[in-house]
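Below is one structure, written out as structure tokens, with a few remarks after it.
Numbering (our numbering), first residue to last: 324 to 478.
Written as structure tokens, this is what we have:
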């Protein structure tokens, strides 16, 4: 608005002056997230390592999270649809994604933690099976040796 001298003057509104305007919204808490690895993937020539699901706050389920290996290491991708754009290029559009960086970080950390737990458990089971197999082979050899001794004594 132009004042008496032709210059613009700020409009004073007492309602606005008494309000406190906050530039930064308070951080929203990240809901509890539970993750499970649905399937490990071990295909030749594939960077896909696992497919996971997440339960968010006990009220939402998200399926199709992926653990992918790249030159820079493992990372988590969100479930996405693929489509072909006007240049005949395949593009991906997330079906689900976190709104805040905190939520994204928590989800990624939980997926990666669960993935590492499953891999560790699988390695421990493989070692345990290997030890059990070695033990059973030793027992079979011992049994065969005893049978051979029994046969020699009976002759």
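For each residue, glycine too, the CB sits at the ideal point set by N, CA and C.
Where the beta strand (DSSP E) through residue i begins and ends
| i | result |
| --- | --- |
| residue 368 | Looking at the DSSP string, residue 368 is not in any beta strand (DSSP E), and its letter there is neither H nor E. |
| residue 362 | 356 to 363 |
| residue 408 | Here residue 408 belongs to no beta strand (DSSP E), and DSSP marks it neither H nor E. |
| residue 420 | Taken as a continuous stretch (DSSP letters only), residue 420 belongs to no beta strand (DSSP E), as it is neither H nor E. |
| residue 389 | 383 to 393 |
| residue 396 | 396 to 400 |
Burial state of residue i (16 or more Cβ within 10 Å)
| i | result |
| --- | --- |
| residue 360 | buried |
| residue 449 | exposed |
| residue 438 | buried |
Whole-angstrom distance between residue j and residue i, CA atom to CA atom
| i | j | result |
| --- | --- | --- |
| residue 348 | residue 356 | 23 angstroms |
| residue 367 | residue 350 | 43 angstroms |
| residue 412 | residue 352 | 38 angstroms |
| residue 383 | residue 376 | 11 angstroms |
| residue 389 | residue 447 | 23 angstroms |
| residue 362 | residue 442 | 11 angstroms |
| residue 427 | residue 354 | 11 angstroms |
| residue 381 | residue 358 | 11 angstroms |
8 angstroms contact criterion, which residue i and residue j should meet: CB distance rounded
| i | j | result |
| --- | --- | --- |
| residue 385 | residue 372 | The pair is not a contact, with the Cβ atoms about 18 angstroms apart (cut-off 8 angstroms). |
| residue 404 | residue 418 | 6 angstroms |
| residue 416 | residue 408 | Not confirmed; about 10 angstroms, so no contact. |
| residue 374 | residue 387 | 7 angstroms |
Neighbour flag for residue i against chain D, beta carbons, 7 angstroms
| i | result |
| --- | --- |
| residue 413 | Absent from the structure is chain D; it holds one protein chain and no more. |
Take every Cβ of the segment 425 to 445, pair it with every Cβ of the segment 382 to 400, and state whether three or more of those distances are shorter than 8 angstroms.
Verdict: yes, contact present.
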